[in-house]
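Notes to accompany the following structure.
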Amino acid sequence: MSTSNNIEISTHAEEKLTLNKHDKTWIISLFGTAVGAGILFLPINIGVGGFWPLIIMALLAGPMTFLAHRGLARMIMSSDNPKAEFTDVVEEHFGHRFGFLISLLYFLSIFPILMIYGVGLTNTIESFIVNQMGMVAPPRVLLSGALVAVLIGVMTAGEKTVLRAFEVIVYPLVFILFGISVYMIPNWQMPDFSDVPAAKEFTQTLWLAVPTTIFAFSHTAAISSFSVAQKRHYGKQAGKRVDFILKHTSMMLITFVLFFVFSCTLSLTPAQLVDAKAQNISILSYLANITGSGMIASFGPFIACIAITSSFFGHFLGGRESLNGIIAKHTSLKPSLVNKLTIAILFFSVWYAAVKNPSILGIMETFSGPVIALILFILPMYAINKIDAMKHYRGKASNVFVTVIGLIAISAIVYTLR
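The sequence shown begins at 878 in this note's numbering and counts up one residue at a time.
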């Protein structure tokens, strides 16, 4: 009888944690947020350090991605207010002044990335029109304005429309990434397993690879909107569902992204990877140049467009939400007017950057990097130790792991900026 009851309880629990359409849609959305244009540089940035560092980072990528994003989601869900977003939670837990500072830093970590994607999408489309279509590109101010307007127009159409847009964009991205990974298999060159770098060199390579790996898999910008949506959809069961969805998101990211990274890396020699890094071009552009593959050359711009678009959507969610919170808490404007003002600020900022085509994108990224590492890794672990609402998460080995990785990432970023 007892055994039968245990089986029934176990079966019931498994049924509760079966992925449904709502869960799958959010998995796709989080996946799309993570897989931005950076994936096209990830094989070079990680693979250039050699095969063994690549193996180590591949093993660490899954726990790093899942545990860090789970920590941030748990912090956001620790508020008693079911509608509390990131800005509300940090102000509730850390006070008005410190909460405002964190919210501002959070927004400023996302804002440059939106501008980077506006510039990147405009350049990609402009290049496609000129090089692939053989046409004269329209004036940049009109092209960039139309592209940014379409992107932001989709984002203002409501949550269902946004999630549907993620599905339409991300599924082809997954299919093409997998297809190219398989396509490159005949070009694989088995690495020299006996070529183990010296301890100092090996340690430094791993140290500097941590930030690259973190940001390649980061979907930080969408975690707040995701967590609030789960509280609204699942109520008291939201905590378990959030962990479950994030676990599947991490598995999907690790499976498809690492297969792509390994396939591209094994198709090139160490010297070629160094050359690709020196040229500062994406892995697909480099492969197209050295292999003469028409398929890779043709799919390159398409992959770049959908990767940039999907990641833009996810980062816009975080950017709009955080700016809405900052403006609403420091003005007496109505929520509807705050939202319109936020959309206008983001639209004209991204459009301006896309028109000007700045060459300071690296500086923007280096600013976003440390702040994202701070918010994704350090802040939730600090909250666990300081906030009573999260005290039941204390004393876990995973907390130490996340904290150490976060400190390594921040120190590595600071080191590269010397």
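Heads up, the beta-carbon is just placed ideally off N, CA and C, and yes, glycines get one too.
Being a predicted model, the structure only gives us computed values, none of them experimental.
Beta-carbon spacing of residue i, residue j below 9 Å
| i | j | result |
| --- | --- | --- |
| residue 821 | residue 1092 | This structure cannot speak to residue 821, because the chain is shown only from 878 to 1295. |
| residue 964 | residue 1094 | no |
| residue 909 | residue 1043 | yes |
| residue 956 | residue 1099 | no |
| residue 1061 | residue 1144 | yes |
| residue 1131 | residue 1286 | no |
| residue 1002 | residue 1020 | yes |
| residue 1102 | residue 1119 | no |
| residue 996 | residue 1235 | yes |
| residue 920 | residue 1160 | yes |
| residue 1015 | residue 1006 | yes |
| residue 1057 | residue 1173 | yes |
| residue 903 | residue 1122 | yes |
| residue 1296 | residue 1110 | There is simply no residue 1296 to check, as the chain begins at 878 and stops at 1295 in what is shown. |
| residue 896 | residue 1125 | yes |
| residue 1268 | residue 1108 | no |
| residue 917 | residue 1186 | no |
| residue 1290 | residue 1250 | yes |
| residue 1255 | residue 1271 | no |
| residue 1090 | residue 1258 | no |
| residue 1209 | residue 1084 | no |
| residue 1023 | residue 1224 | no |
| residue 966 | residue 987 | no |
| residue 1154 | residue 968 | no |
| residue 1232 | residue 1018 | yes |
| residue 1213 | residue 962 | no |
For residue i, the first and last residue of its enclosing alpha helix (DSSP H)
| i | result |
| --- | --- |
| residue 1223 | 1212-1233 |
| residue 1271 | Note, residue 1271: premise wrong, no alpha helix (DSSP H); not H, not E. |
| residue 1004 | 973-1004 |
| residue 1178 | 1171-1206 |
| residue 1108 | 1097-1111 |
| residue 922 | 919-924 |
| residue 1010 | First-last for residue 1010: undefined, no H or E at that position. |
| residue 912 | Unbroken run through residue 912: none, as it is neither H nor E. |
| residue 1258 | 1256-1263 |
| residue 1022 | 1017-1032 |
| residue 1117 | 1115-1143 |
| residue 1081 | 1076-1093 |
| residue 1066 | No alpha helix (DSSP H) holds residue 1066; DSSP gives it neither H nor E. |
| residue 959 | Segment: none, residue 959 is in no alpha helix (DSSP H) and carries neither H nor E. |
| residue 931 | 928-953 |
| residue 1148 | 1147-1156 |
| residue 1166 | 1160-1168 |
Residues of its chain near residue i, where Cβ-Cβ distance is below 8 Å and the 5 sequence neighbours each way are ignored
| i | result |
| --- | --- |
| residue 1203 | 964, 977, 980, 981, 984 |
| residue 878 | Its pLDDT being 46, under 50, residue 878 is placed unreliably by the model, and nothing is read from it. |
| residue 1277 | none |
| residue 1082 | 926, 927, 930, 1074 |
| residue 1008 | none |
| residue 1252 | 949, 979, 982, 983, 986, 1097 |
| residue 1165 | 1173, 1174, 1177 |
| residue 1248 | 982, 983, 985, 986 |
Cβ neighbours of residue i in the same chain (closer than 6 Å, five flanking residues each side left out)
| i | result |
| --- | --- |
| residue 1264 | 970 |
| residue 1237 | The predicted position of residue 1237 is uncertain, since its pLDDT is 49 and thus under 50; a value taken from the coordinates is nonetheless stated next. Around residue 1237: no qualifying Cβ. |
| residue 1068 | 928 |
| residue 1197 | 1219 |
| residue 894 | 1121 |
| residue 1028 | 1189 |
| residue 1280 | 1258 |
Own chain partners of residue i with C-beta closer than 7 Å, once the 5 adjacent residues on each side are dropped
| i | result |
| --- | --- |
| residue 1275 | 944 |
| residue 1133 | 1051, 1054, 1055 |
| residue 1292 | none |
| residue 1282 | 941, 1087, 1254 |
| residue 1039 | 1031, 1032, 1190 |
Residue i beta carbon near the ligand MN (any heavy atom closer than 8 Å)
| i | result |
| --- | --- |
| residue 1215 | Only the bare structure without any ligand can be found here, which leaves the ligand MN out of the picture. |
| task | Count the C-beta pairs between the stretch 1113-1128 and the stretch 1015-1032 that are closer than 8 Å, then say yes if the count reaches three, no if not. | result | no
| message | Pairs of beta-carbons, one from the stretch 921-932 and one from the stretch 1127-1141, closer than 8 Å: are there three or more? | response | yes
| If we count Cβ pairs, one from each stretch, closer than 8 Å, do we get three or more for the stretch 1220-1232 versus the stretch 944-953? | no
| message | Contact between the stretch 1073-1080 and the stretch 1174-1187 is defined here as three or more beta-carbon pairs at a separation below 8 Å; is this criterion met? | response | no
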